[in-house]
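Asks: Attaching a single structure in structure tokens format; questions to follow.
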Amino acid sequence: MSKPESRSEPGEEPHPRPNRQPKPPSGGDRRGALVGLIIAVVILGVGWWLARDLTAASKMQDCLMSGRSNCNVIEPAR
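When you line the sequence shown up against full-length UniProt numbering, it's residues 1 to 78, in that order.
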């Protein structure tokens, strides 16, 4: 059996629904943003490392293709 519905008289206003406030954002919403930020930083770091490595390889190939035999990088003494 169904619940009896409360019916208002013709002149009465129906009972208003309670005003429900939206819940504040929980930690789960921020967790996704934090994971996204970490992934972006890792991708940026890998890209930076790869760019440096490819630049060094390109400079080495340019040196070797020009016919030189002393293409090793000499680091200054500290």
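From the three backbone atoms N, C-alpha and C, an ideal C-beta is built for every residue, glycine too.
Between the alpha carbons of L64 and S58, how many angstroms are there, rounded?
Replies: 10 angstroms
Asks: In this structure, how does DSSP classify A51 when only helix, strand and coil are distinguished?
Replies: helix
Asks: CA-CA distance, N72 and R30?
Replies: 48 angstroms
Asks: Nearest-angstrom Cα distance between I43 and I74?
Replies: 31 angstroms
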